[in-house]
Each structure stands twice: as C-alpha cells, then as structure tokens.
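Accompanying notes for the structure given below.
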Amino acid sequence: MRESRQEGGEPRKNFRVGQAPRFLWFAVCVFFCVLSLGEIWNSFHDPQYQWLFGGEGPVAGVPWYRSHSAYVWFLAGESCWYLAGMGLSLAARKRPGLFVCHVILSVLWIMYLQHQF
C-alpha cells in the first residue's frame, strides 16, 4: 500500500493494484474470451454439438442448453464479460474496486460452473 498525506498531515493509505495481478487477470480474460468465441464458432460449424440442444441428454437441466440461440446468447454474454475484464485490467489503477469486484464475481462464476457439472 502506498501512503499519501492528508491535509492534517496524517498518512492515508491508498489501495492500488500491482502490475503483475493486472497482467495475469488480463491473460485469464483473454483466454476465457477466446474460449467462448471458439465455442460460438463450434456451435455453428461443428455438427457434433447439435445433439446437446433441446432439453435432452446429460445437460438437460442446464438452462443455456435449452436451445441453440440460448447457448449462443450465453456465450456472447460471457465473451462481453471477459472483454470488460480486459478493459478493467487496463484501468485497474483508476478503478481498483471494479477490478477486484470483477475478479471475485468471475471466480465465483467459474466455481459455480465447476459445481454444475
């Protein structure tokens, strides 16, 4: 933490996010964004995925497999989420609270997905 002086002369602590965590989170967001975009591509161009949609099979209870359009919208939203994470990693010095919130929510989402399957 870096200290700065207030008007009264007392030190004030500012929370700053270091460069290494920002770069690491930027790389994680790039990975998951590319992964989501690749899944969107596969859902249109790879016929082996077509049996997943329609509410049958091993993923019948998962909401985003109800239809092909729901799956694509889910992945598009996830891609946008990680694009926002890339932007927040670049602006983490100005908005550290948003950056930390994005990291925590993303980790919780990934843990939920791991628990779902």
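Numbering that gives the first Met the number 0 puts the first residue of the sequence shown at 0, with every later residue one more than the last. Using N, Cα and C, we set each Cβ at its ideal position, and we do this for glycine too.
Determine the extent of the alpha helix (DSSP H) in which residue i is found, giving its start and end residues.
i	result
Gly37	18-44
Ser88	67-89
State buried or exposed for residue i, treating a residue as buried only when at least 16 other CB atoms are found within 10 Å of its CB.
i	result
Ala26	exposed
Ala91	buried
Ser66	exposed
Trp24	buried
Val64	Per the sequence presented here, residue 64 reads as Tyr, with Val not at that position. Buried, because 16 or more other Cβ atoms sit within 10 Å of the Cβ of Tyr64.
Cys79	exposed
Ser35	buried
Please report the Cβ distance between residue i and residue j, rounded to the nearest whole angstrom; I am assuming they are in contact, meaning their Cβ atoms lie under 8 angstroms.
i	j	result
Leu82	Glu38	Incorrect: roughly 15 angstroms between the Cβ atoms, too far for contact.
Ser42	Val71	6 angstroms
Within 8 angstroms (strictly less), CB to CB, does residue i reach chain B?
i	result
Leu97	In summary, chain B is missing from the structure at hand, where a single protein chain is found.
* Stretch-stretch touch, CB-based, cutoff 8 angstroms, three pairs: the segment 81-89 with the segment 97-107 -> A contact exists between the segment 81-89 and the segment 97-107.
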